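Numbering (our numbering), first residue to last: 5 to 163. Glycine included, every Cβ here is placed at the ideal spot set by N, Cα and C. Treat the numbers as computed from the prediction; the structure is a model and nothing was measured. What follows is a short report on a single structure.
What follows is the structure, encoded as structure tokens:
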């Protein structure tokens, strides 16, 4: 599969996830903005992939990032972010979701495991949905303190 074929929509993913689960393969999801890819992103994606067989990345839409992060964000548009993520060997599928959080797509896709930043804790907004259908939450400590916001600020301040 060439990497562009990993960029899919939710309707296609519904079928893929169902087929994978019917074949006893664990589907793992993770979500985020992934605007300026940095080592922390790579490490968390690698950790997410270790949790199962198929890694699905839910990518916040440009509009949701603007709502969450403010004007001037994202730096890279959704298509560019999809292309970059889909080129990573640990990523099996990438899709864009319009909501500000992953709750709706979790209800629809029902991945076996959802990976989240440990700072959100066991009671994160996704936990109730996962419990509803028997999904598991896997919390990951930050591997790297780099953040996209900090990188942008460094560029702006030329430091």
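Alpha helix (DSSP H) runs wholly inside the region 111-148, at least 4 long, in chain order
129-137
Is the beta carbon of residue 59 less than 9 Å from the beta carbon of residue 33?
yes
Would you please verify whether the beta carbon of residue 132 is less than 9 Å from any beta carbon of chain D?
The displayed structure is made up of one protein chain only, and chain D is not part of it.
In this structure, how does DSSP classify residue 63 when only helix, strand and coil are distinguished?
strand
In chain order, which alpha helix (DSSP H) runs of at least 4 residues are fully inside the region 28-99?
43-54, 66-73, 82-90
Does the region 120-136 touch the region 52-71, meaning 3 or more C-beta pairs lie closer than 8 Å?
no
Would residue 80 and residue 39 be called neighbours here (beta carbons separated by less than 9 Å)?
yes
When you compare the CB positions of residue 141 and residue 89, do they come within less than 9 Å of one another, or not?
no
Residue 28 versus residue 126 - alpha carbon distance:
26 Å
Report buried or exposed for residue 43, applying the criterion of at least 16 other Cβ atoms within 10 angstroms of its Cβ.
exposed
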